[in-house]
Structure formats: C-alpha cells, structure tokens
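Everything below concerns the one structure shown next.
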Amino acid sequence: MQKLAIDKFINFLQNPPNHFLLEKLKKEEFWQNWFLKNNSKLQCTALKLLSSSNEDDKLIASDFTSLFLSDVDYVKAPPFASFYLDENKEIYSDNSDKVKQIFAQNNFFSFFNEEPADSLINELLFISFLIKKQDDITLQKFLKEEFFIWFNMWSFDVINKAKTHFYKALTMLMQDFFNQLNTKF
247 MQKLAIDKFI
257 NFLQNPPNHF
267 LLEKLKKEEF
277 WQNWFLKNNS
287 KLQCTALKLL
297 SSSNEDDKLI
307 ASDFTSLFLS
317 DVDYVKAPPF
327 ASFYLDENKE
337 IYSDNSDKVK
347 QIFAQNNFFS
357 FFNEEPADSL
367 INELLFISFL
377 IKKQDDITLQ
387 KFLKEEFFIW
397 FNMWSFDVIN
407 KAKTHFYKAL
417 TMLMQDFFNQ
427 LNTKF
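So this is what it looks like as structure tokens:
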C-alpha cells in the first residue's frame with residue numbers, strides 16, 4: 247500500500263490530472279475511499295479538501311505550472327532538494343551528485359536521468375524502491391539525512407503558495423504519509 251501511495255503522488259507531481267481523470271476520481275470517490283486512512287487531523291483536512299473540491303483541470307494545470315515549472319515572478323515550489331539546500335538555489339548542485347551516489351551505492355538506476363537525482367520524483371522513486379526491497383535501515387537513513395531536510399520546506403511552500411485545494415491537499419497527504427512512515431522507525 248505504501249508503494250501505491252507513492253506511485254499516486256508521483257503521478258500527480260509529474261503531470262496535473264486532466265478532465266477525464268478528475269471525473270474518474272470523483273465518480274469512484276477516490277479521495278473518500280483513500281486506502282491509507284489513519285484519521286490524523288492532517289489527513290482528514292486533506293481528504294476533505296480533495297473530496298469537496300470542484301476545481302477544473304485548467305486551474306489545476308495552471309497551479310502545477312506556477313508551483314513546479316515556471317511563473318511570471320518565480321517558480322513557487324521547485325521540486326528539487328538542491329533548490330532548498332544550495333546557497334545559490336541551483337538545482338544541479340553537489341547535493342544532486344551526492345544523491346546520485348546514494349542511488350548507485352544501492353543499485354538503484356530506475357530514476358529519471360533528465361532531472362537532477364535529487365528531484366522530488368527521483369527521491370520518491372528511490373523511497374518506493376527501498377520500501378519494496380524492505381530495506382528499512384537504508385530507508386530510515388535516507389529519510390533522515392536527505393529527504394526530510396528539504397521536504398518539509400518544499401511542503402510549506404506548496405501549502406502556502408498553491409492556488410488550488412488539489413495541490414495543497416496532495417501535499418498534506420504526502421506530509422501525513424511520511425509522518426506515518428517516520429513513526430515506524
């Protein structure tokens with residue numbers, strides 16, 4: 247189930263949902279039937295926002311672009327660890343190289359080479375890989391020493407700068423997921 251949740255997060259972070267997917271999510275009551283319910287306040291708030299939202303695909307796509315790709319002023323929440331950790335906010339930095347080395351040391355080569363290794367999607371793919379491999383020691387170390395250091399800053403940016411409930415709530419679900427995963431250790 248954890249891997250499935252990460253796959254859903256990755257899907258919505260790679261591309262905003264189109265009209266047909268939004269309709270399918272609504273028809274199947276996907277958010278009302280979220281498969282990792284734990285009744286935390288954060289998760290309840292996120293699921294309520296997603297379940298009651300009537301935002302259309304164009305608004306969500308616009309928010310996706312503004313948050314993660316480009317905006318008139320600046321990208322609101324670049325999904326790259328380097329941006330949050332590098333003094334000059336560069337995305338191909340030493341941190342990206344460090345993460346790439348961590349991937350190699352763990353024989354993980356199923357990441358997107360066209361993005362920095364420390365992109366959110368690549369790090370989520372690695373976390374999913376470790377969960378599938380049941381490598382809790384490496385997972386705990388990676389979460390503590392790499393992921394959580396910047397993920398919380400990124401989450402804060404998305405929640406405070408998103409124009410849609412969709413990306414605010416998706417980020418809250420991610421926060422809740424990683425809070426639950428972290429309590430496992």
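Just so you know, this note's numbering puts the end of the sequence shown at 431, numbered straight through with nothing missing. Even glycine gets a Cβ: it sits at the ideal position worked out from N, Cα and C.
DSSP places Ser328 within a helical segment (H, G or I) once states are collapsed to three. For Ala327, the number of other beta carbons within 10 angstroms of its own is at least 16, and it is reported as buried. Here Ser365 carries a strand assignment [DSSP, helix/strand/coil]. Cβ contact annotation for Gln421 (same chain, cutoff 7 Å, sequence separation greater than five): Leu288, Ser401, in chain order. Taking a C-beta distance under 7 Å as the contact criterion, Asp303 and Asn264 qualify as a contact pair. DSSP places Phe397 in the uninterrupted alpha helix (DSSP H) bounded by 394-407. Distance between Asn285 and Asp332, taken at the CA atoms: about 36 Å. Per the Cβ contact rule, the segment 370-380 is not in contact with the segment 260-276 (fewer than 3 Cβ pairs under 8 Å). Shown here for Leu293: same chain residues with a beta carbon closer than 6 Å to its own, the five before and five after excluded, namely Trp277, Trp280 in chain order. The Cβ atoms of Leu315 and Ala323 lie no closer than 7 Å to each other. Inter-segment contact for the segment 384-397 and the segment 414-430 is present: three or more beta-carbon pairs are separated by less than 8 Å. Apart from sequence neighbours up to five positions away, the residues of its chain that approach Tyr338 with a beta-carbon distance below 6 Å are Pro362, ordered along the chain.
For the 7 Å CB-CB criterion, Asp309 and Thr417 do not form a contact.
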